[in-house]
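Written out below as structure tokens is the structure these notes cover.
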DNA sequence: GATGAATGAGATTTCATTCAT
DNA sequence: TATGAATGAAATCTCATTCAT
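Written out as structure tokens, the structure reads:
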């Protein structure tokens, strides 16, 4: 007659807390998020949050750490070897484009963390200094393009990454003010392909041999 | 020996409050900002903030309104008529580039407002629906470039604006996480000209006739 | 081109303040009433309220004093001499019935003053100990009825007054809770004559010779 | 030597808060009551009031709800079946008479709630629309009296209830202004039986067959 | 007489965190 | 492990009143 004993699976409880906390922090920001609210949205009690994570800040850091692991693996699906460099670049940009569109919580958490001047990322041994593996893939592509004579020799991979990120982050992160002022929803599905192609064009223009 | 009587100049008092509030909101976010802290940084009392602005939210909206008026006038200095379209586009992009670099508080406020899903902008009769006049200047430039045969005919001014904003906003707004992860400070003065030129190239590539 | 100089008529200004203050106090109670709100509802400023009345409490007392003067004169219209006692009693009850129905603000002020245990009435030299002149009229009627053999000899005028007041005050003062619980609006115009007659019957039954 | 641990008995803590809050609200009115004062009168802290009741208004509603439950049960003790209708009516009126005399806080809360136009009662799912069970008892008595030929056939139970309430509420609620103006304390013990009988007479005169 | 700005004291409410069991 | 009760510190906001002109 007892309720299903969820309490006996610590990993599950931890993951549940992280799910709810991610939603709450992404929704309200670090300061605006409420520990009470996180507890209220779960079957676990507030005391458990402190048991598993210590305090609000450590919980937030754990949320950040898990959120960042998601994007680190997106480039795995890219078969760099069998694509010509131009297609590879376009597909790589598309991966970030797709990811940011479908993970607004991640993009919001990054914005929030920047408001806090990356104070928590810096405090996390997991995140601090963990360069995005995307750069390796990108570097490989750029080298192959240069060898093929289609890309410039002096392209900085991090600049390419920056252009892709700026476009994709802005489209999601600044969606609301952009829409409020210009009455255009950058996430309108009808504009999706237009923006996706536009990003590819921009990046290719940047890396192209002159 | 009396303290300078700032009290009897309401416009000055109001402006002082806005200055301090802008710094506080940009620094801590809407929720993290403290009315107490704003009052403590001035010679005016906390009570005056409520006297002039009603409550925290209206003060924040007033801060947003004033911050947005700053950027709306930056394009005025651009002498569109006497520039050839290519130079004009490059200079226009440079204006936003310079503005966002020198107004990190504005960029932070925009990020903060997006975290709140533009709830306050929407509530402001001043800001809501007030399209950036930059678009008019941009439209003029694009038309002249098209007439001169150097720009494509189907360029959307808002897309151009988006590319410029995305680049300039990202450089300032995401500076901290970018630096924490990739160890590159996008606001490093030594990189300034490189980024400024890179932006111009990107925008011109986007609008160029093929 | 100057605005009409209302300021130069102190009596008028005083009366205006009292009008607005009466509405505010009757609406929100003594504690709930806001000096700011009273000032906001007038063209006069808040400072004038203090100039004319000293403070919130004295303003409230002035409101009470003026409100009580209204009911003191309602019995004047009653031609006791030419009415037979039974008609006179019924008409007297009707006067209070009509007055309280048409002066809900007065009835509310009395309720409010009772919540404060008549502390302000006691403090007012005008109101304290100023017995309602209605009692004189009432006493005359009762005497004439007794002499005519239609009323009991031992009727206490104050008891009659109490019965009339209880009925008329309750109908107005307790209208809202009565309606909330029993779904009957005691001030429904369709019930007016029923209640008016009922009151007359009650009072006459009380004074009638057995 | 430790203070008695009242803390770990939530029901007791809740009830204690309600006791003190009832006294405070009845004493000062809704607006005049101070949450600080309620806390100061107990061993519990102010914070607990919010923990248990959410905010001042909900606490006030809880006070109202409990106060109203008291009067709803007073008619239970009336043995309608074994009383003749005339005695039953007189006893029923006496129950309200006694209750209101001995529960001035309840009567004051009702006055206060009427000043607020029953806004909180309406908001309470418990109180809104919960007709007083007294009406059932009253209806039964009236029917038996009618069948016995001693009461009129067209008596409205709610009118009878209104007469009883008006008299009993007025005696307690308007005690202070009545005494201030007419120098008669309606709650003077020496007048008690006089008023009690007077009420019975009034009600019986109203329901009596003609 | 009249005005808008200013103010101190105090009101309600919030929130991360810990205690006792 | 788990839980509901408890809490101190601090947050936002209010209000009658007075000052300087």
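Chains as they are written, first to last, in this note's numbering: chain A, 621 to 830; chain B, 621 to 830; chain C, 621 to 830; chain D, 621 to 830.
Every residue gets a Cβ at the ideal spot worked out from N, C-alpha and C, and that includes glycine.
Please read these numbers as outputs of a predicted model, since none were measured by experiment.
Residue 692 of chain D has a beta carbon lying at 8 Å or more from every beta carbon in chain C. Chain-ordered, the chain C residues with CB closer than 7 Å to the CB of residue 732 of chain D read 735. Residue 640 of chain C: member of the alpha helix (DSSP H) spanning 630 to 652, first to last residue. For residue 741 of chain D, the nearest beta carbon of chain C is closer than 8 Å to its own beta carbon.
Close to chain B, meaning a Cβ-Cβ distance shorter than 8 Å, are the following residues of the stretch 782 to 805 of chain A: 782, 783, 785, 786, 787, 789, 790, 791, 793, 794, 795, 796, 797, 798, 799, 800, 801, 802, 803 and 804. The C-beta of residue 826 of chain C comes closer than 8 Å to at least one C-beta of chain D. Under the three-state reduction of DSSP, residue 773 of chain A is assigned to coil, being neither helix nor strand.
Residue 715 of chain C has its alpha-carbon roughly 11 Å from the corresponding atom of residue 693 of chain C. Between residue 664 of chain C and residue 633 of chain C, the C-beta spacing is below 8 Å. Fewer than three Cβ pairs drawn from the stretch 792 to 811 of chain B and the stretch 738 to 750 of chain B lie within less than 8 Å of each other, which leaves the two stretches out of contact. Interface annotation, residue 773 of chain D: not in contact with chain C, CB-CB separation never under 8 Å.
CA-to-CA, the gap between residue 652 of chain A and residue 822 of chain A works out to about 37 Å.
Contact with chain B is absent for residue 718 of chain A, since none of that chain's Cβ atoms lies less than 8 Å from the residue's Cβ. Here residue 713 of chain A has 784, 819, 820 and 823 as same chain residues with Cβ atoms under 7 Å from its own Cβ, once five neighbours each way along the sequence are excluded. The C-beta separation of residue 656 of chain A from residue 666 of chain A comes to about 7 Å, placing the pair in contact by the 8 Å criterion. In the structure shown, the three-state DSSP call for residue 828 of chain C is strand. The continuous stretches of alpha helix (DSSP H) do not include residue 746 of chain C, and DSSP gives it neither H nor E. Rounded to the nearest whole angstrom, the C-alpha separation of residue 676 of chain C and residue 640 of chain C is 13 Å. With its beta carbon less than 8 Å from one in chain B, residue 652 of chain A belongs to the interface. For secondary structure counted as the alpha helix (DSSP H) over 4 or more consecutive residues, the stretch 787 to 813 of chain B holds these complete runs in sequence order: 795 to 802. With a threshold of 8 Å between beta carbons, residue 722 of chain A makes no contact with chain B. In terms of Cβ geometry, residue 698 of chain A and residue 757 of chain A form a close pair [threshold 8 Å]. Our two residues, residue 727 of chain A and residue 768 of chain B, have alpha carbons roughly 40 Å apart in a direct line. Excluding sequence positions up to five before and after residue 721 of chain B, its CB lies within less than 8 Å of the CB of 788, 791, 792, 807 and 812, all in the same chain and listed in chain order. Residues of chain C whose Cβ lies closer than 7 Å to the Cβ of residue 812 of chain D do not exist, since the nearest Cβ in that chain is about 14 Å away. Per DSSP, the unbroken alpha helix (DSSP H) holding residue 714 of chain A starts and ends at 705 to 722.
Close to residue 663 of chain C, with beta-carbon spacing below 9 Å, lies no residue of chain D; the smallest spacing is near 27 Å.
In its chain, beyond the 5 residues on either side, 729, 733, 740, 741, 744 and 747 have a beta carbon closer than 7 Å to the beta carbon of residue 684 of chain B. Across the set D/803, D/735 and D/770, the C-alpha of D/735 shows the shortest separation from the C-alpha of residue 798 of chain C. For residue 649 of chain B, a Cβ of chain A is located within less than 8 Å of the residue's own Cβ. Residue 734 of chain C sits in a helix when the DSSP states are folded into three classes. From the beta-carbon of residue 822 of chain D, the residues of chain C found nearer than 8 Å are 783, 822, 825 and 826.
When secondary structure is reduced to three states using DSSP, residue 668 of chain B falls in the helix class. A check of alpha carbon separations from residue 689 of chain C across D/681, D/706, D/801 and D/754 identifies D/801 as the nearest. Within a 10 Å sphere around the beta-carbon of residue 765 of chain C sit 16 or more other beta-carbons, which makes this residue buried. Each residue's CA atom was taken as its position, placing residue 674 of chain A and residue 668 of chain A some 9 Å apart.
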